[in-house]
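Peer 1: Residues 34 to 401, numbered by the numbering used here, are exactly what the sequence shown covers, in order.
Have a look at this one.
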Amino acid sequence: MGNIVDYIKEYGGDDFNKRRFCKEDALVLSQFAYLKFEGILDVMSREPVSLEDIDSSKIRDSLFSDYRYEKDNRALYEAMLSSVRFAGLKIAMYINRIEEDTQFAALTFFLPGHTLIVFRGTDETIVGWQEDMGLALKKNIKGQDLSVKYLNDAAGSISGKFMVAGHSKGGNLAVFSAMFATPEIQKRVKKIYCFDSPGFRAKFLKKSGYDEIKERVVKVIPKSSFVGMLFDDGGDSIVVDARSVGVIQHNPYMWTVKKGKLVKTKLSNGHKRLIATVNEWILSKDEEQLERFVFYLNKLLESSDADNTIDFSKELIRNSKQVIKAAKGLDEDTKEFLSAFLRSYVEIAKGMIKEEVKERTGKKKKEA
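Structure representation (structure tokens):
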């Protein structure tokens, strides 16, 4: 089994007449949106730029300036460039707005017969994880308002139906923008792809235009999803298999693909219970209490030795104890909840590691 790069290598020879646009393509473009296009694409230019033009840029290598994913992003880019499926890709209306409390980026992709608007998500840094938490806990963030404006502007300059997508925060923005787009534009939205994205509070969904778009939402989460299970709307999420454990699975390169499809699986009962506990606890708190919790959670995460959630997950037990030890500023109820949550997270991670080792051992025995 491979990942999205292997998907392109295996099926990149199929154009969209031979193989219809699918969720795997939406995931590829949602990940592609993380590349650094500054200096290569003009801000909000409506003139589409081809992949070939991007490749001929003198600062082409700056696309891969995110050192954590440089190897994977290069492999994805090269696979797309050499494929029939994505070689005709064009990009327009790029925006990347970075402020003290906001990180907002979006692009519009054009493929033969298909248009996809993608909102960039967060990364695996502690800051990115905090941003996802804040997105789920707070009623509204600036990026959500910007997403509505972008969708109305971008869709207003193109004709026909289109799709919207995003990974992590990007998926939340995709849904939010579609909910609050003008009625005319909302009708033109064909599909909304959310990849491991935090949801919305039930009360908020009832007051919004979610019912108008609900049937068009395709939500995909890895088997030990945390971010994508925050305020899950209860709809049918597609659970997919992934390598590694815990929050590391937030990384789309970890999601397994076989025969051109993301491999489906199920959430463990233990993981369901953990997420249900988290959501129940969040809903029991008022906005002021949640803001205080997020503030202290951020401080506690920063007090660990981990620079990113990957390091945090790799050193689960040591970092969890360190975080709990540093929780001096929290009230007893919140401290007790945080301690119980981290203990459960560690136990579930241990169980998943055992399952993964068992699975690998079984495969080796079969191969022998």
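Where is the CB? At the ideal position from N, CA and C, for every residue including glycine.
All values reported here derive from a predicted model rather than from experimental measurement.
1. From the DSSP output, in three-state form, read off Ala66 for me.
2. When you compare only the Cα positions, how much space is there between Gly199 and Val208?
3. Quick one: grab the DSSP three-state call for Ser83.
4. Given this structure, state the Cα-to-Cα distance separating Ser116 from Asp88, to the nearest angstrom.
5. How about the region 89-104 and the region 51-71: do they share at least three Cβ pairs that are nearer than 8 Å?
6. Assuming the contact rule is C-beta atoms closer than 8 Å, Phe213 and Val181 should be a hit. Round their C-beta distance to whole Å, please.
7. What residue ranges within the region 101-159 form continuous alpha helix (DSSP H) runs of no fewer than 4 residues, ordered along the chain?
8. State the start and end residues of the unbroken alpha helix (DSSP H) segment that holds Ala32.
9. Taking C-beta to C-beta, are Val38 and Leu149 nearer than 8 Å?
10. With 16 as the cutoff for other CB atoms within 10 Å, does Tyr44 come out buried or exposed?
11. For the beta strand (DSSP E) that contains Lys91, what are its first and last residues?
12. Can you tell me the Cβ-Cβ gap for Ala188 and Arg221, rounded? I've got them flagged as a contact below 8 Å.
13. Starting from the Cα of Tyr102, find the closest Cα among Thr289, Lys175, Ala66, Glu365 and give me that residue.
14. Pick helix, strand or coil for Lys299, following the three-state DSSP scheme.
15. Note down, in chain order, each residue of its chain lying with its Cβ closer than 7 Å to the Cβ of Arg276, except the 5 sequence neighbours on either side.
16. If contacts are defined as beta-carbon pairs under 8 Å, then Pro231 and Val272 qualify, I think. What distance do you get, rounded to the angstrom?
17. So, for Lys223: in the same chain, excluding its five sequence neighbours on each side, which residues have a beta-carbon less than 6 Å away from its beta-carbon?
18. Using 10 angstroms around the beta-carbon of Pro145, count the other beta-carbons present and answer buried if the total reaches 16, otherwise exposed.
19. With a 10 Å radius around its C-beta and 16 neighbouring C-beta atoms as the bar for buried, classify Asn205 as buried or exposed.
20. Please state the DSSP three-state secondary structure of Pro231.
21. Do Lys123 and Ser83 have their CB atoms nearer than 8 Å?
22. From the DSSP output, read off the bridge partner residues of Pro255.
23. Which value, in whole angstroms, describes the spacing of the CA atoms of Glu369 and Trp314?
24. Leu74 bridges to which residues according to DSSP?
25. Just to confirm the assignment, what range does the alpha helix (DSSP H) spanning Met212 have?
26. Please list, in chain order, all residues of the same chain as Met113 whose beta carbon is under 8 Å from its beta carbon, the five residues on each side excluded.
27. DSSP has Tyr226 in a bridge; who is on the other side?
28. Excluding the five sequence neighbours on either side, which residues of its own chain have a C-beta within less than 8 Å of the C-beta of Arg52, listed in chain order?
Peer 2: So, from the data block:
1. coil
2. Taken atom to atom, the span from the alpha-carbon of Gly199 to that of Val208 is near 9 Å.
3. strand
4. 14 Å
5. Between the region 89-104 and the region 51-71, the count of C-beta pairs closer than 8 Å reaches three or more; the two stretches touch.
6. 5 Å
7. 103-114, 117-120
8. In the structure displayed, the chain extends from 34 to 401; residue 32 sits before or after that span and is not available.
9. No; because the gap between Cβ atoms is not below 8 Å, this pair is not in contact.
10. buried
11. That residue, Lys91, is in no beta strand (DSSP E); it is neither H nor E in DSSP.
12. About 6 Å separates the two Cβ atoms, so the contact holds.
13. With distances taken between Cα atoms, Tyr102 lies closest to Ala66.
14. coil
15. Met287, Thr289
16. Between Val272 and Pro231 the Cβ distance is about 16 Å, and since that is not below 8 Å, they are no contact.
17. Correct list, in chain order: Lys194, Met196.
18. exposed
19. buried
20. coil
21. For Lys123 and Ser83, yes; Cβs fall inside 8 Å.
22. Val273
23. 11 Å
24. Glu71
25. 202-212
26. Closer than 8 Å at Cβ, skipping near neighbours: Ile41, Gly45, Val61, Phe65, Leu84, Phe119, Ala120, Leu122.
27. Ala198, Val251
28. Tyr44, Arg118, Gly293
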